[in-house]
Amino acid sequence: MDNIIEVRHLSKWFGSNEILKDINFNVKKGEVVCIIGASGSGKSTLLRCINLLEKPSGGEIFYRGKNILSDKHDLQEYRTKMGMVFQQFNLFNNHNVLGNCTVGQIKVLGRKKEEAVETAMKYLKVVGMDQYINAKPSQLSGGQKQRVAIARALSMEPDVMLFDEPTSALDPEMVGEVLNVMKDLAKSGLTMLVVTHEMGFAAEVADRVVFMDKGVIAEEGTAREIFNNPKQERTREFLKRIIGN
Amino acid sequence: MILIERFGVTIMTWKWFFKVIVDYWPMFLRGAGVTLLISIIGTVLGFAIGLIIGVIRTIPLSDNMVKRVILKIVNAILTVYVEVFRGTPMIVQAMVIYYGSLMLFNIDMDRMFAGVFIVSINTGAYMAEIVRGGIISIDKGQFEAAHAIGMNHIQTMLYVVLPQVIRNILPATGNEFVINIKDTSVLNVISVTELFFQTSSITGNVFRFFEPFLVACIIYLIMTLTVTRLLRWLEKKIDGPEHFNVIPGNQMQVARPEDLAKKAGQ
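The listed protein sequences derive, respectively, from chains W and E.
Under UniProt numbering, residues 1 to 245 are what the first sequence spells out, in order.
Under UniProt numbering, residues 1 to 266 are what the second sequence spells out, in order.
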């Protein structure tokens, strides 16, 4: 199987704090990987390093065998291949729903307007937001915003979708609608890397679960291995804390 | 006795007030026109200068040493520009630039051009700071989302950040516009024929000061009030409608009796 992303000896320092220590892991094409762990364990930072919103302090990241940290690499082009969904949605406030999903296609990918609208509508249907194309972000609920954000990322037709705690800022009753969309995407064979606190979601859709603790990957394995039979004591403790209450 | 005298003065004043308007309205109008022209062009150009400087000053420092040094030098020059033009009175700048360009570079500037030039760069210095503040106030997530879909700094600015900044700084821009309408009056020191200059000329003809300047006062007020109203309208227009229309999908197209009746009626 091809590794679409390979992370080698990745480290990240914020000042004198070492957030990531010697991280090694791979994502294969079509795989759904969930990253779990306590707050401050470095899981969001790892995700943000992968599309270079944070600049790694050391190590290498390979995308389809090419080192994206080398000077010669085209950062903008690489980022169009990595769809990113943020905890805080970050929809463009100056665009309506349709504009959010087309501006990147038109300005970055150079698509024609009709093509961009067609693509955007396709993915807005996938997330069930095609009826709201005229709405501005401020007029939507949190769950609706996040679904539009997912459609915006999908409209760029990326190779990998990165989700940074996509349901953490949502009211409890809206978590379900976003998770359902993500489950559908996972089943469609999209390569996904999801940082999440939703253990039920991870158990259901993840091909592989990565547990991070204090800046290192403490344990990784299939969802069943991690949730039913964790080998590490700290994984067990974490899961007990999360699932116990 | 005094009362009658006062009354007489009042009548005299109104008589002159209307006489000045009737006799000299073309001069007032031309003056007001020049004032408006200089302040409109000056505000628009200043706004553009401010936007460009704002974008340059928020470019993230590159890792490339050469680019880094160039950016630092450009930023230093821009800082000097902003500080100098914010820190000196426009009336003095007008003198220095107009007479200075003639003495030092032997450039005989057209007075009108000099007026527009001075107002523009002066407004630009203020707008640069207003724009910078506007850019800083935009949520970091907007930049990250734009970068995450592959936009570079310029694209992020053009398609995501600046449209929001422009909306947010419109009230401050309106302020600058009003200030410009009033402050073009200082350009009379280099004989730009704006409203104050024209009014001064009229006083020389009629040997009265109060009435012509009362007229000028009213004209200034009409111009500033109009501009503030126009900008308020523009703000509302940019904000767009308060509500949005849900586009009904196929599953919702259930024909109701009243709809059918409407259709039949058409």
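Every residue gets a Cβ at the ideal spot worked out from N, C-alpha and C, and that includes glycine.
As the structure is a computational prediction, the values presented were derived from the model and not from experiment.
| Asked | Found |
| --- | --- |
| Q266(E) to A135(W) span [Cα, whole Å] | At Q266(E), the pLDDT of 47 sits below 50, so the modelled position is not reliable; the number obtained from the coordinates is stated separately. Looking at the two C-alpha atoms, the distance is approximately 30 Å. |
| Test item: CB-CB of V209(W) and A186(W) under 7 Å | no |
| Residues within the segment 149-172 of chain E neighbouring chain W, beta-carbon criterion of under 7 Å | I149, G150, M151, N152, Q155, Y159, V160, P163 and Q164 |
| Three-state secondary structure (DSSP) of Q88(W) | coil |
| Three-state secondary structure assigned by DSSP to T58(E) | coil |
| The segment 84-95 of chain W touching the segment 161-177 of chain W, judged by at least three CB pairs closer than 8 Å | yes |
| For K263(E), the three-state DSSP class (helix, strand or coil) | Any reading at K263(E) must be qualified, since the residue scores a pLDDT of 49, below 50, and its modelled position is unreliable; the value itself is stated next. Three-state DSSP puts K263(E) in a helix. |
| Sequence-distant residues of its chain with Cβ nearer than 6 Å to F92(W) (five each side left out) | N100 |
| Segment limits, beta strand (DSSP E) that includes G37(W) | V32 to G37 |
| I61(W) vs L53(W) beta-carbon contact at 7 Å | no |
| Interface partners of I133(W) on chain E, CB under 8 Å | I247 |
| Presumed contact (8 Å Cβ cut-off) between T224(E) and I181(E), rounded CB distance | 5 Å |
| Outcome for N250(E) when other beta-carbon atoms lying within 10 angstroms are tallied against a minimum of 16 | The pLDDT assigned to N250(E) is 48, lower than 50, so where the model puts this residue is not dependable; a value taken from the coordinates is nonetheless given after this. The residue in question, N250(E), is exposed, as its Cβ has fewer than 16 Cβ neighbours within 10 Å. |
| Proximity winner among Y159(E), F213(E) and P26(E), relative to K107(W) (alpha-carbon distances) | Y159(E) |
| Under 7 Å by beta carbon: chain W residues contacting G141(E) | F86, Q88 and N90 |
| Per-residue DSSP class, three states only, for V108(W) | coil |
| Delimiting residues of the beta strand (DSSP E) encompassing Y99(E) | Taken as a continuous stretch (DSSP letters only), Y99(E) belongs to no beta strand (DSSP E), being part of the alpha helix (DSSP H) at M90 to F105. |
| Members of the segment 215-249 of chain E near chain W, C-beta cut-off 8 Å | G240, H243, F244, N245, V246, I247, P248 and G249 |
| Contact list for the segment 95-112 of chain W against chain E, Cβ threshold 7 Å | V103, G104, K107 and V108 |
| Coil, strand or helix - N94(W) by DSSP | coil |
| Residues that DSSP places opposite I23(W) in a beta bridge | L10(W) |
| Chain W within 7 Å of E129(E), Cβ atoms only | no |
| Proximal chain E residues relative to Q76(W), where beta-carbon distance stays under 8 Å | G150, M151 and N152 |
| Span of the beta strand (DSSP E) around G221(W) | V216 to G221 |
| Chain E contact for N93(W) (CB, 7 Å cutoff) | yes |
| Best match in R236(W), H9(W) and V27(W) for proximity to S57(W) [C-alpha to C-alpha] | H9(W) |
| Identified DSSP bridge partners for M151(E) | Its beta-bridge partners do not exist; DSSP assigns none. |
| Pick from K29(W), C34(W) and S16(W) that is closest to V195(W), judged by C-alpha positions | C34(W) |
| Interfacial residues, the segment 71-83 of chain E to chain W, with Cβ spacing under 7 Å | none |
| DSSP state of F244(E) mapped onto helix, strand, coil | coil |
| 7 Å Cβ cutoff met for V119(E) and I38(E) | yes |
| Cβ of L20(W) within 7 Å of any chain E Cβ | no |
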